[in-house]
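Residue numbers (the working numbering): 336 to 576.
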């Protein structure tokens, strides 16, 4: 199997192309600085993952920018901090400030010359519009949780994506799904028989960070520690012919 076997790359965005963990840590500072305990970066991210995943399960139709304020409120309750509604809402709006990984835009611009590029994200459309400007590329299709009415790892999101990709002439065998999250992306990709590429952004860290532990670790077909490494591997395949 080679990277050049595929016609489309379907991407998770947050954690893969956008550095959502750094964005979360910065956005949560007004809360964590009042928590009165020495919370480590991973403790903050893992608590966020618990509450975010739970809220996505209970309110799958809620837009991400409206769901994050509830996560902020649940974290404040867990850590014994009193917060205002305005603070919670401000956190929901912070997605627009989350930074892209340094290699994302350049990598996507290269890959755009060789593939159709697709987003499958647990975000809302307004928030993604800000992230898209940081990524500097026109995607061929954008499928958000707001469009679908549910959040990954729900099978609905992958059913929706595959149905819609069929309308632009793409079959499952022509698709390579690229993502960091084992929980949100690689586990359902396994269930759907999608070829998968792990962009292992957390390769130098412990645990699963802002994503839940998937339990049984899914299998992946390709693994790269960065988008830049994916581009290098693709360019090398072309060079070898």
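Every residue, glycine too, gets a C-beta built ideally from N, C-alpha and C. Quantities reported herein were computed from a predicted structural model and do not represent experimental measurements.
Nearest candidate by alpha-carbon position, reference residue i, set the options
i	options	result
residue 377	542, 552, 569, 346	542
residue 479	382, 464, 472, 473	464
residue 553	508, 361, 521, 439	521
residue 481	397, 348, 514	397
residue 360	470, 407, 342	407
residue 343	394, 529, 466	529
residue 382	363, 433, 400, 425	363
residue 389	400, 503, 405, 379	405
residue 517	555, 492, 505	555
residue 434	471, 444, 409, 418	471
residue 450	339, 351, 399, 438	339
residue 549	367, 391, 519	519
residue 437	508, 385, 351, 460	351
residue 354	386, 569, 561	561
residue 348	419, 467, 524, 564	467
residue 394	429, 539, 424, 486	486
residue 547	505, 488, 508, 494	488
Three-way DSSP call (helix, strand, coil) for residue i in this model
i	result
residue 439	helix
residue 445	helix
residue 385	helix
residue 411	helix
residue 337	coil
residue 399	helix
residue 355	helix
residue 527	helix
residue 558	strand
residue 454	strand
residue 349	strand
residue 533	strand
residue 344	strand
residue 390	helix
residue 375	coil
residue 421	helix
residue 538	coil
residue 370	coil
residue 363	coil
residue 434	coil
Supposed close pair residue i, residue j - CB separation, criterion 8 Å
i	j	result
residue 431	residue 462	6 Å
residue 566	residue 442	5 Å
residue 416	residue 380	With 8 Å as the limit, residue 416 and residue 380 do not qualify as a contact, their Cβ atoms being about 17 Å apart.
residue 544	residue 356	6 Å
residue 403	residue 427	4 Å
residue 568	residue 559	7 Å
residue 523	residue 551	Contact flag wrong, Cβ pair sits at about 13 Å.
Original post:
Could you give the uninterrupted runs of the beta strand (DSSP E) lying entirely in the region 461–520, keeping only those of 3 residues or more?
Top reply: DSSP assignment within the region 461–520 yields the following whole beta strand (DSSP E) runs of 3 residues or more, N-terminal first: 476–479, 510–514.
Original post:
With contact counted as at least three CB pairs below 8 Å, one residue from each stretch, are the region 453–463 and the region 475–491 in contact?
Top reply: yes
Original post:
How about the region 337–352 and the region 504–520: do they share at least three Cβ pairs that are nearer than 8 Å?
Top reply: yes
Subject >> At least three beta-carbon pairs within less than 8 Å, the region 523–538 to the region 366–375 >> reply: Contact fails: fewer than three Cβ-Cβ distances are below 8 Å.
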